[in-house]
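Asks: The sequence shown begins at 1418 in this note's numbering and counts up by one. The beta carbon of each residue, even a glycine, is placed where N, CA and C say it ideally should be. The structure presented is a predicted model; accordingly, all values stated were derived computationally and were not measured. Sharing a structure, written as structure tokens. Questions coming.
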Amino acid sequence: MDTISYRTEFPNAQEVQRDWVLIDATDQHLGRLCSKVAKLLRGKYKPSYSPNVECGDNVIIINADKVVLTGKKMTDHIYLNYTGYPGGQRELTPEVLMAKSFNKHLKPGIHPLFVRVMKGMLPKNRLGRRLIENMHVYNGPNHPHEAQNPTVIDINKLK
């Protein structure tokens, strides 16, 4: 047998085929949805996955305002943020972050609640910061990425 067949092939950034994926978040649980989106962003559903290469897909999430949190998490769960100054500890709830997503001054495609949840599920390094830019979240059913011909995926079919 030839020794070249024993080599493990690792993809590099130029060889990776990156697709556009459309996900509808209507009546989906926030954490379960985001854990599957994190796998899509990393590329773990692809056979050519490599942990140190950006090999995931671009993900478009529509109807983000219809996402569900169980129990009283929407009002009682607290995210803490510290500014670095004395007395600079800030408390945010998912309800406040959801209200911020309707702010007209935010860049389109940025949803504060989804960004907060997804940052905890991605690597805490340069790769994770690049991967979070591949997620585009919109509150309504419309999005400006029609030119990319995104593939509609049923998120419930993924494991």
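State the DSSP-derived secondary structure class of Y1499, mapped to helix, strand or coil.
Replies: Start at 1 with the first residue of the sequence shown, and residue 1499 comes out as number 82. Of the three classes helix, strand and coil, the one that applies to Y1499 here is strand, per DSSP.
Asks: Taking 8 Å as the threshold, find out whether the stretch 1491-1510 comes into contact with the stretch 1464-1482 through three or more Cβ pairs.
Replies: No, they do not touch.
Asks: What is the rounded straight-line gap between the Cα of S1518 and the Cα of R1424?
Replies: Sequence index remark: in the sequence shown, residue 1518 carries index 101 (1-based). Sequence index remark: in the sequence shown, residue 1424 carries index 7 (1-based). Taking the Cα positions, S1518 is about 48 Å away from R1424.
Asks: Answer with buried or exposed for F1531, where buried requires no fewer than 16 other C-beta atoms within 10 angstroms of its C-beta.
Replies: Reading the sequence shown from its first residue, position 114 is the one you call residue 1531. Buried, by the Cβ-count rule.
Asks: What does N1475 pair with, by DSSP beta-bridge criteria?
Replies: Within the sequence shown, numbered from 1, the residue matching residue 1475 stands at position 58. Per DSSP, W1437.
Asks: Please report the residue range of the alpha helix (DSSP H) in which R1543 lies.
Replies: The residue labelled residue 1543 in the question sits at position 126 within the sequence shown. It spans R1543 to L1548 - the alpha helix (DSSP H) in which R1543 sits, taken as one unbroken run.
Asks: With 16 as the cutoff for other CB atoms within 10 Å, does R1543 come out buried or exposed?
Replies: If you number the sequence shown from 1, residue 1543 lands on position 126. By the neighbour-count rule (16 or more Cβ atoms within 10 Å), R1543 is not buried but exposed.
Asks: Using DSSP with H/G/I as helix, E/B as strand and the rest coil, what is V1532?
Replies: The count along the sequence shown starts at 1 and reaches residue 1532 at position 115. In this structure, V1532 counts as helix in the three-state DSSP scheme.
Asks: Under DSSP, the beta strand (DSSP E) around V1470 begins and ends at which residues?
Replies: Mapped onto the sequence shown, residue 1470 falls at position 53. Here V1470 belongs to no beta strand (DSSP E), and DSSP marks it neither H nor E.
Asks: Could you check if P1558 is buried or exposed, using at least 16 other CB atoms within 10 Å of its CB as the buried criterion?
Replies: For the purposes of this step, residue 1558 is identified with residue 141 of the sequence shown, where counting begins at 1. Per the 10 Å Cβ criterion, exposed.
Asks: Using DSSP with H/G/I as helix, E/B as strand and the rest coil, what is R1459?
Replies: Working through the sequence shown from its first residue, we reach residue 1459 at position 42. In this structure, R1459 counts as helix in the three-state DSSP scheme.
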